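One structure is given below, encoded as structure tokens.
Residue numbers (the working numbering): 32 to 174.
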């Protein structure tokens, strides 16, 4: 989570929401990192999770991320949760819950929907206070 928080702290430099993500390979090594970059790139899919998954796929040479863990500072949205399922990520670890758009247990539970072709293990609330504070400070400064 420390590495994901470092990524998140860099996002506001481009006016992006401070969310950071890291993909760990089956042996625990970092194989992908990302931070929100929608404002920086003008790409609506440039969420931290998607960028970290793309980097991990490029690193491994495969879209299948079997045995991998995605660590992210905020509970993934529906798009990112779907990407985790499609990439066959084994485990999701996240910090702050997202009561408005979360899709890993709060509003929806896409990653554990047994009707889909893959189910992701979920560990939520890791360093929740620190992750939530980063988001709160960002939005308070914008008001």
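Even for Gly, the Cβ is constructed at its ideal location relative to N, Cα and C.
Remember, it's a predicted structure, so these values are computed and weren't measured experimentally.
For residue 37, same chain residues with a beta-carbon under 7 Å away, outside a window of 5 residues either side, are 51 in chain order. Here the stretch 87 to 96 makes no contact with the stretch 134 to 143; the two share fewer than three CB pairs at distances below 8 Å.
Cβ neighbours of residue 108 within its own chain (closer than 8 Å, five residues either side excluded): 78, 129, 132, 133 and 134. Within the same chain, 116 and 119 come within 6 Å of residue 149 by CB-CB distance, once the 5 residues on both sides are set aside.
Distance from the CA atom of residue 88 to the CA atom of residue 63, rounded to whole angstroms, is 8 Å. With a threshold of 16 other beta carbon atoms within 10 Å, residue 74 falls short and is exposed. The shortest CA-to-CA distance from residue 151 to any of 143, 157 and 158 is the one to 143.
By alpha-carbon distance to residue 146, the top candidate from 113, 35 and 84 is 113.
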